[in-house]
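Visitor: Quick one: the structure is below, and I'll ask about it shortly.
2 protein chains.
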Amino acid sequence: MTVRVVCAQLDPVLLDLPGNLARAADAVATAVGRGADIVVLPELVTSGYLLDSTDEAMSVAITPDDARLAAWRAPLRGTGSLVVGGICERGEDGRLYNSAVLLDAGGVVAVYRKTHLWNREKRFFTPGAEPAPVLDTAFGRIGILVCYDLEFPEVPRTLALAGADLLLAPTNWSELPRPAGEQPPQVLNARMAARANHVFVAVCDRTGTERGQRWTGGTAVIDPEGWVLALPDEDGYAIADLVVESARNRQTSTVNHVLGDRRPDLYRL
Amino acid sequence: MTVRVVCAQLDPVLLDLPGNLARAADAVATAVGRGADIVVLPELVTSGYLLDSTDEAMSVAITPDDARLAAWRAPLRGTGSLVVGGICERGEDGRLYNSAVLLDAGGVVAVYRKTHLWNREKRFFTPGAEPAPVLDTAFGRIGILVCYDLEFPEVPRTLALAGADLLLAPTNWSELPRPAGEQPPQVLNARMAARANHVFVAVCDRTGTERGQRWTGGTAVIDPEGWVLALPDEDGYAIADLVVESARNRQTSTVNHVLGDRRPDLYRL
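Here the protein sequences come in this chain order: P and W. Position 96 of the first sequence, counting from 1, maps to 96 under our numbering, and the rest follow consecutively. Position 122 of the second sequence, counting from 1, maps to 122 under our numbering, and the rest follow consecutively.
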């Protein structure tokens, strides 16, 4: 089965919830127009990232079943396509979460609350209590994780061991200094997560600057050997067609297997 | 403390045990002459890699206390320096192991038997039963692993959690196809192992061709952010001075820590 993944690399405006919802909805429509089976949006695409306080975060927090997210679902109607993107979530417990929501035309398919929080996120977000999920969908077995989660090799490994073919990662990657000619280290890391686990990885990052923080624009669709299949075009869309089941052949020689060669008895994790 | 690591990228000759021992001894002498505190040699540097059978492997197998390894130790005399390199080991149990030996001027400091075996190695080597070790040395806390071990993120993670500052990895990396401008994927993988765990990594790979198999020559000394500090010079020596204790500061923001931010309760490994 060939699955078209489209990552829409956007530049959300901090605290502009209605504008961000609308821009993301437009991007979903464009992506579906370009044949997307799966649309990936950045982390915290509804709120912007560099929130400064609980009050600010609360002011742009929504629930995954917020009626306004119908605008993301509308372009999916009649397609079976899926969209995943990051929201600043107000939980039923009144707490704030940095979440990824997976939607289809009918509603909410899954919500994942980021389990590894970066820097100021710890001020106002509660880390998720549930591991990153793997969902059996019409487009293969999809693992979802968010940004800093990827820095912990245990997360993509856990998802691969749970059967994921494809990892979807909304991110907001801070721009880091790097030597000339080098890819951003977060992109290299995502590539090696793909390679170590023989899974496809689709990262949707963001562009722009917020409160002096520049973003990487590191969006990439990566194959199970760690090679980049697609980067954003001039409009910010990274588009790749994936034979998702090919990730499941994790045999690397007649006697080697990416996961089967593990020695869990010897790991002290 | 600044520690000079010198990786000596050689081209061992298959089945030429005396010649390989002598060439490695020369390389150790050269490295020590260039100020090495730690010398790293390739995997299976005494035997060559593409052994075809138990008989072939047995014909070039040695024990870690083989008298001929005194030639590697001689240049270390009076220095306190260390050398690690790969041998085809004949165990006291009569079995063959793909091992790394760590020697100082006085004798054998440690032996590590590779725990993840690649392809034909499974025909004649027994996988090690003990995890990759971390050794407290005069040059910092050193983790040792061999080649394919690095492909399992659990191994460098286990070593970092055990306190390693610096990982030493003798390798024989098969040359893989790669897009123009890309580093070998094994080098990228080693870089991301360094970054994910905030450790220095010194990989000593090999060059040449054996029985039609080309080798990568992927030797590199890598810093804890994943950047390459040194590649081989025209003589095959990669030389870097490491402030080894700097690996121990794994704080990445005032509230983030490379290891402390892990969520082991959520990993299913």
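From the three backbone atoms N, C-alpha and C, an ideal C-beta is built for every residue, glycine too.
Using the beta-carbon of each residue, which ones in chain W are nearer than 7 Å to P/K122?
Guide: By 1-based counting over the first sequence, the position of residue 122 of chain P is 122. Near P/K122 (Cβ distances below 7 Å), the residues of chain W are V255.
Visitor: Counting contacts by CB-CB distance shorter than 8 Å, is W/W227 in contact with chain P?
Guide: Walking along the second sequence from the start, residue 227 of chain W turns up at place 227. With 8 Å as the cut-off, W/W227 counts as an interface residue toward chain P.
Visitor: From what residue to what residue does the alpha helix (DSSP H) around P/Q186 run?
Guide: Position 186 of the first sequence, counted from the first residue, corresponds to residue 186 of chain P. From DSSP, the alpha helix (DSSP H) with P/Q186 extends over 185-197.
Visitor: Give the C-beta separation of W/A169 and W/V203 to the nearest angstrom, bearing in mind that I take them to be a contact with Cβ-Cβ under 8 Å.
Guide: On the second sequence, position 169 is the one that residue 169 of chain W refers to. On the second sequence, position 203 is the one that residue 203 of chain W refers to. Between W/V203 and W/A169 the Cβ distance is about 5 Å, and since that is below 8 Å, they are a contact.
Visitor: Is there a C-beta anywhere in chain P that falls below 8 Å from the one on W/W118?
Guide: Here the question's residue 118 of chain W lines up with position 118 in the second sequence. For W/W118, the answer is yes, since a Cβ of chain P falls inside 8 Å of its Cβ.
Visitor: Helix, strand or coil for W/N20, going by three-state DSSP, please let me know.
Guide: Reading the second sequence from its first residue, position 20 is the one you call residue 20 of chain W. In the structure shown, W/N20 sits in a helix (DSSP, three-state: H, G or I).
Visitor: Report the neighbours of P/D261 on chain W: residues whose CB is nearer than 7 Å to its CB, in chain order.
Guide: As a working mapping, residue 261 of chain P is identified with position 261 in the first sequence. Within 7 Å Cβ-Cβ: H116.
Visitor: Taking just the CA atoms, how far does P/W173 sit from P/W227?
Guide: By 1-based counting over the first sequence, the position of residue 227 of chain P is 227. By 1-based counting over the first sequence, the position of residue 173 of chain P is 173. For P/W227 and P/W173, the distance between alpha carbons rounds to 19 Å.
Visitor: State yes or no: is the beta carbon of W/R90 nearer than 8 Å to at least one beta carbon in chain P?
Guide: Numbered from 1 along the second sequence, position 90 holds the residue referred to as residue 90 of chain W. Not closer than 8 Å to any Cβ of chain P, the Cβ of W/R90 fails to qualify, so no.
Visitor: At which residues does the beta strand (DSSP E) containing P/A57 begin and terminate?
Guide: By one-based count along the first sequence, residue 57 of chain P stands at place 57. No beta strand (DSSP E) contains P/A57, which is instead part of the alpha helix (DSSP H) from 54-59.
Visitor: Which residue from P/L76, P/W215, P/N197, P/E210 puts its Cα closest to that of P/I222?
Guide: Start at 1 with the first residue of the first sequence, and residue 222 of chain P comes out as number 222. For P/I222, the nearest C-alpha among the options comes from P/N197.
Visitor: Let me confirm a value: W/P185 is counted as buried when at least 16 other C-beta atoms fall within 10 Å, else exposed. Which label applies?
Guide: By one-based count along the second sequence, residue 185 of chain W stands at place 185. Buried, by the Cβ-count rule.
Visitor: Give me the residue from W/V28, W/P179, W/R68 with the minimum Cα distance to W/P75.
Guide: For the purposes of this step, residue 75 of chain W is taken as the residue at position 75 of the second sequence. Of the candidates W/V28, W/P179, W/R68, the one whose C-alpha sits nearest the C-alpha of W/P75 is W/V28.
Visitor: Return helix, strand or coil for P/F124, following the three-state DSSP convention.
Guide: What you label residue 124 of chain P is simply residue 124 of the first sequence in a count that begins at 1. P/F124 falls in the helix class under three-state DSSP.
Visitor: Using DSSP with H/G/I as helix, E/B as strand and the rest coil, what is P/Y237?
Guide: As a position in the first sequence, residue 237 of chain P is number 237, starting the count at 1. Here P/Y237 sits in strand by DSSP.
Visitor: Do you know whose CA, among W/T219, W/V244, W/F124, W/L229, lies nearest W/L305's CA?
Guide: Coverage of chain W is limited to positions 1 through 269, which leaves residue 305 of chain W absent and any answer about it impossible.
Visitor: I'd like to know whether the C-beta of W/P185 is nearer than 8 Å to at least one C-beta of chain P.
Guide: In the second sequence, the residue the question calls residue 185 of chain W occupies position 185. True, the Cβ-Cβ gap to chain P drops below 8 Å.
Visitor: Below 8 Å, can you find three or more Cβ-Cβ pairs linking the region 155-171 of chain W to the region 133-142 of chain W?
Guide: Result yes; three or more Cβ-Cβ pairs closer than 8 Å.
Visitor: Using DSSP bridges, identify the partner residues of P/E210.
Guide: The residue given as residue 210 of chain P occupies position 210 in the first sequence. P/Q213, per the DSSP bridge assignment.
Visitor: Taking a Cβ distance cut-off of 7 Å, strictly less, list which residues of the region 144-168 of chain W are near chain P, in chain order.
Guide: Listed by position, the residues of the region 144-168 of chain W near chain P (Cβ gap below 7 Å) are E151, F152, P153, E154, R157, T158, L161, A162.
Visitor: Taking DSSP as the reference, what is the three-state secondary structure of W/L51?
Guide: For this step, residue 51 of chain W is matched to residue 51 along the second sequence. W/L51: coil per DSSP, three-state reduction.
Visitor: What does P/M1 reach in chain W if we use C-beta pairs closer than 8 Å?
Guide: Counting from one through the first sequence, the residue named residue 1 of chain P turns up at place 1. What P/M1 touches in chain W: nothing, since even the nearest Cβ is about 26 Å away.
Visitor: Going straight from the alpha carbon of W/P12 to that of W/A61, what length do you get?
Guide: Position 12 of the second sequence, counted from the start, is the residue given in the question as residue 12 of chain W. Position 61 of the second sequence, counted from the start, is the residue given in the question as residue 61 of chain W. Their backbone Cα atoms lie some 15 Å apart in a straight line.
Visitor: Any idea if W/S53 is buried or exposed, counting beta-carbon neighbours within 10 angstroms, 16 or more meaning buried?
Guide: On the second sequence, position 53 is the one that residue 53 of chain W refers to. Its Cβ having fewer than 16 others within 10 Å, W/S53 is exposed.
Visitor: I'd like to know whether the C-beta of P/P133 is nearer than 8 Å to at least one C-beta of chain W.
Guide: As a working note, residue 133 of chain P is residue 133 in the first sequence. Cβ-Cβ to chain W under 8 Å: no for P/P133.
Visitor: On the CB-based measure, 16 or more other CB atoms within 10 Å of its CB, does W/A8 come out buried or exposed?
Guide: By one-based count along the second sequence, residue 8 of chain W stands at place 8. By the neighbour-count rule (16 or more Cβ atoms within 10 Å), W/A8 is buried.
Visitor: Roughly how many whole angstroms lie between the Cα atoms of W/A24 and W/Y148?
Guide: By one-based count along the second sequence, residue 24 of chain W stands at place 24. By one-based count along the second sequence, residue 148 of chain W stands at place 148. About 22 Å.
Visitor: So, is P/N249 buried or exposed, given that buried needs 16 or more other C-beta atoms within 10 angstroms?
Guide: What you label residue 249 of chain P is simply residue 249 of the first sequence in a count that begins at 1. Flag for P/N249 reads exposed.
Visitor: Ignoring anything shorter than 3 residues, give me the beta strand (DSSP E) runs that lie fully in the region 88-139 of chain P, in order along the chain.
Guide: List check, beta strand (DSSP E) in window: 96-104, 107-113, 134-137.
Visitor: Quick one: is P/R141 near chain W, going by C-beta distance under 8 Å?
Guide: Numbered from its first residue, the first sequence carries residue 141 of chain P at position 141. So, not an interface residue.
Visitor: If we ignore side chains and look at the alpha-carbon of each, how far apart do P/K322 and W/L266 end up?
Guide: Given a span of 1 to 269 for chain P in the structure shown, any question on residue 322 of chain P remains unanswerable.
Visitor: In whole angstroms, what separates the C-alpha of W/G181 from that of W/W215?
Guide: To locate residue 181 of chain W, count along the second sequence from 1; it is residue 181. To locate residue 215 of chain W, count along the second sequence from 1; it is residue 215. The straight-line gap from Cα to Cα measures roughly 18 Å.
Visitor: Looking at chain W, is there any beta carbon in it that lies within less than 8 Å of the beta carbon of P/N189?
Guide: Counting from one through the first sequence, the residue named residue 189 of chain P turns up at place 189. Judged by the 8 Å Cβ criterion, P/N189 is in contact with chain W.
Visitor: Just the Cα atoms here: how many angstroms apart are W/A160 and W/P133?
Guide: Position 160 of the second sequence, counted from the start, is the residue given in the question as residue 160 of chain W. Position 133 of the second sequence, counted from the start, is the residue given in the question as residue 133 of chain W. Distance between the alpha carbons of W/A160 and W/P133 is about 11 Å.
Visitor: State the beta-bridge partners of P/F200 as determined by DSSP.
Guide: Walking along the first sequence from the start, residue 200 of chain P turns up at place 200. Answer by DSSP bridge pairing, in chain order: P/L166.
Visitor: Output yes if chain W places a C-beta closer than 8 Å to the C-beta of P/R195; else output no.
Guide: Position 195 of the first sequence holds residue 195 of chain P. It does; some Cβ of chain W falls within 8 Å.
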